[in-house]
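Below is one structure, written out as structure tokens; the observations come after it.
Residue numbers (the working numbering): 0 to 861.
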């Protein structure tokens, strides 16, 4: 059985048996001492063990030394426990005794030595609690980082006995104490764990300055046993509190094992000055397990409490239950994020209802019980955070209450320097509520500031901002957190860093994010494959294969194109020109940060009537049905027709010379026709394809009738070919009409960073106004807020002329010297879907304006 560090713990979970302090025979008997120890009578067991060791005149008996150390440890007297552990040999000690010694070392502030004993203990096997204890010791700096924000004061009303678990009663403080009760000073019943008096509730009207306290419960509500932690609510008219399971004022109710458990009670009064009525049990109590230490939400309709009921994670867990009418819900365990295999106790919920404080010995810390804080989010509770020093110490720290509006609170501790066993301490917490993170974005090479860079912040919140005119940025964040920052800007590398607000007062500055200018210039020339002459007005459609985003260029008179590419992207190219076969290709910038990539394209001119052989289109013997193998090859031809939408073709089918001429002619015609029919089903217009069977009339070699040829020679004649018969008019395809066509003279990545952008939504605008100046405002569609640093493009229809600008800090944009024509106006910004409209402009007036509303992209910001 693992031993714990304070008799206080056993107040919650174990028996409360009243015995007369003077009715026990202390005859030295080791067996009797062991029985007392197992029954948790540690004070009496200690006396007997000492008598045994004195009678044996063997002060070095390791078994007795370790038992005496354990008695002191369980009575909370860790200095005495340490002295006895240090005397004892551990040659035959159990693994639990290794753990107990490590606990006592930690309770005495000997962390380095405690760490060694935790490691020795863990050599016996894994233990999550010991692992957390060890992790805390190895990261002590984190537990001391906010010490300067606390002022802690021992209160003058503390006694030499136990004083703990304060709770608010208006401006007054009610607390639990084992001091002598004023109405029964000579009462002889004692708590069996350490022979102390049973606990009762007391009140202090002015806890900071007045040492006088009053007995809180009137005599008719008091029992001879434990009255413990509670909570007062409803403007002081209602209370939940903890009490032993009693038959009457002087008799305990025990379970089958002889233990008396704790129960929760509800009491009411008519006014803050009147007496309490008779307490009523809460319905989820049981004589077989304990329930106690209440905390409330929603003015008492929801209670968080402590219980050792079956089905929990450890020795004592936190549970939650809600009252509806007169009924309470089945208590729900708060789960493994909060509860451990050890004890979680003394919960308290702030008046705002969003913070839960509790004490735990299972989450690691500075030693003994430590106080933790969790966020309450809806019906869930977050993983706890250790409050650190000085609220927590190497001893037991527990029972914290706190006014989040003032930063004032109280807690209990048995740390050295107090007035008694457990004392109540006042504290004020003055950590800053808000911290500013400040930094600058600069060019990594020149150290010049970079304005309009996007800076993303992530941590306990996700947000972004843009750097200002001199590269500056600022975020308002919370104290005691760590944050990650990422700066991006088109044409630059990314840079990231982290910053924390541990120990800061109000400002964390000096953050520098360095962006390196990245220019991956992708360029090339489109040539005629036969003449090697450059081809002007060739169309190049570029697809970002990673995102599916497309844009286009029309080559200059020298066949040249260029654009700025992004790092780590695969680009697909489709190059096309009227009366030339379309060429496809790809360019990869994976692993490339800057430099030039050249990619030329050679286009083949289309010659009317020139046969072009297709891949083998396989048919079954003497048949013309389209098999799966034939469909595979025909699909490739369909792709050729799709890439070259202006050509009209003849699909010809040829046979070898074997078989009769009429038979071969008919077979080839049937095969050509079925192939053409299949191609039409794939979306190619019937007017673009003509089927013709040639039989054996156009042989490509000498293998005619009567000539002996090999199978390979015959196969050359069994073929499918196509030839271009003519051209449809050169019209823009749907794909081309949907694209943004860019000027190849401009070095711009043009929206390529919008990896999550939605398709452009263009709305026809009936504008019969003309001007040479275009202005407008770009706003968030949902909030109406202006969008700064958005890109705005003005594209003249059916040309490669594109104007580009950025919105200012108020979302305004402006174009000047715009010629007449039909335009597409497009706005784009990281984290938004693109938005736009079409407008026809004339010379009606000198200035006109359009506003654009942009919707948040579903994937969030980049």
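Note that beta-carbon positions come from the ideal geometry of N, C-alpha and C, so glycine has one too.
Small disclaimer: the values here were computed from a predicted structure and weren't measured.
Inter-residue Cα distance where the pair is residue 552 and residue 740
In this model, residue 552 and residue 740 are separated by some 5 Å (Cα to Cα).
Could you work out which residue in 145, 163, 144 is closest to residue 153 when comparing CA atoms only?
Considering only alpha carbons, the answer is 163.
What's the call for residue 54, buried or exposed, on a 16-neighbour Cβ count within 10 Å?
Residue 54 comes out exposed.
I need the boundaries of the alpha helix (DSSP H) containing residue 713, first residue and last residue.
Per DSSP, residue 713 belongs to the alpha helix (DSSP H) from 710-716.
Which of the three DSSP states is assigned to residue 209 in this structure?
Correct three-state label for residue 209: coil.
In whole angstroms, give me the CA-to-CA distance for residue 590 and residue 568.
Cα atoms of residue 590 and residue 568: separation of roughly 9 Å, rounded to the nearest angstrom.
Residue 326 bridges to which residues according to DSSP?
DSSP output for residue 326 lists 323 as bridge partner(s).
Determine the extent of the alpha helix (DSSP H) in which residue 141 is found, giving its start and end residues.
139-142 is the extent of the alpha helix (DSSP H) around residue 141.
DSSP on residue 123, reduced to helix/strand/coil?
For residue 123, the secondary structure class from DSSP, reduced to helix, strand or coil, is coil.
Ends of the alpha helix (DSSP H) at residue 29?
Note, residue 29: alpha helix (DSSP H), 29-37.
According to DSSP, is residue 77 helix, strand or coil?
Note: residue 77 maps to helix in three-state DSSP.
Could you give the distance in angstroms between the alpha-carbon of residue 466 and the alpha-carbon of residue 472?
In this model, residue 466 and residue 472 are separated by some 5 Å (Cα to Cα).
Coil, strand or helix - residue 849 by DSSP
If DSSP states are grouped into helix, strand and coil, residue 849 belongs with coil.
Alpha-carbon to alpha-carbon, residue 301 and residue 322
C-alpha separation (whole angstroms): 6 Å.
Quick check: the Cα distance between residue 81 and residue 385, rounded to an integer number of angstroms?
Computed Cα separation, rounded: 26 Å.
For residue 679, report the span of its alpha helix (DSSP H) as first-last.
Residue 679 -> alpha helix (DSSP H) spans 660-680.
What is the C-beta distance between residue 616 and residue 633, in whole angstroms, given that I count them as a contact (C-beta under 8 Å)?
Contact flag correct, Cβ pair sits at about 6 Å.
Going by DSSP, name the residue or residues bridged to residue 683.
Assignment of beta-bridge partners to residue 683 by DSSP yields no partner.
Residue 691 versus 418, 667, 289, residue with shortest Cα-Cα distance:
Distance check between residue 691 and each of 418, 667, 289 places 667 closest, using alpha-carbon atoms only.
Shortest alpha-carbon distance to residue 132 belongs to which of 104, 37, 733, 661?
Of the candidates 104, 37, 733, 661, the one whose C-alpha sits nearest the C-alpha of residue 132 is 104.
Alpha carbons only, please: which of 242, 220, 207 is nearest the one belonging to residue 197?
Of 242, 220, 207, the residue nearest in Cα terms is 242.
In this structure, does DSSP put residue 780 in helix, strand or coil?
Looking at residue 780 - three-state DSSP - the assignment turns out to be coil, as it is neither helix nor strand.
Between which two residues does the beta strand (DSSP E) harbouring residue 176 extend?
Its beta strand (DSSP E) spans residues 171-176.
How is residue 636 classed by DSSP in three states: helix, strand or coil?
Reduced to three states, the DSSP call for residue 636 is helix.
At the level of alpha carbons, what is the spacing between residue 896 and residue 835?
Outside the shown range of the chain (0 to 861) lies residue 896, about which nothing can therefore be said.
Taking the Cβ atom as the reference point for each residue, do residue 344 and residue 315 lie within a distance shorter than 7 Å?
Yes, they are a contact pair.
Of all the options 623, 654, 629, which has the alpha carbon lying nearest to the alpha carbon of residue 670?
It is 623.
So what does DSSP say about residue 302, is it helix, strand or coil?
When DSSP states are grouped into helix, strand and coil, residue 302 belongs to the strand group.
If we count the other Cβ atoms within 10 Å of its Cβ and call it buried at 16 or more, is residue 392 buried or exposed?
Counting of Cβ neighbours within 10 angstroms places residue 392 among the buried residues, the total reaching 16 or more.
When DSSP builds the beta bridges, which residues end up paired with residue 519?
The partner list for residue 519 (beta bridge, DSSP) reads 564, 594.
In whole angstroms, give me the CA-to-CA distance for residue 583 and residue 704.
Distance between the alpha carbons of residue 583 and residue 704 is about 42 Å.
If we call anything under 7 Å between Cβ atoms a contact, is residue 290 one with residue 312?
Between residue 290 and residue 312, the C-beta spacing is not below 7 Å.
Ignore the nearest five residues each way along the sequence and tell me which others in residue 63's own chain have a CB closer than 7 Å to its CB.
Short of 7 Å from the beta carbon of residue 63, and not among the five residues preceding or following it, lie these beta carbons of its own chain, in chain order: 48, 51, 52.
Looking at the secondary structure, which residues open and close the alpha helix (DSSP H) in which residue 99 lies?
In the DSSP assignment, residue 99 falls within the unbroken alpha helix (DSSP H) covering 94-106.
Pick out whichever of 352, 735, 338, 36 has its Cα sitting closest to the Cα of residue 549.
Nearest option by C-alpha distance: 735.
Please determine if the segment 118-133 and the segment 96-110 are in contact, where contact requires at least 3 C-beta pairs separated by less than 8 Å.
The answer is yes - the segment 96-110 touches the segment 118-133, with three or more Cβ pairs under 8 Å.
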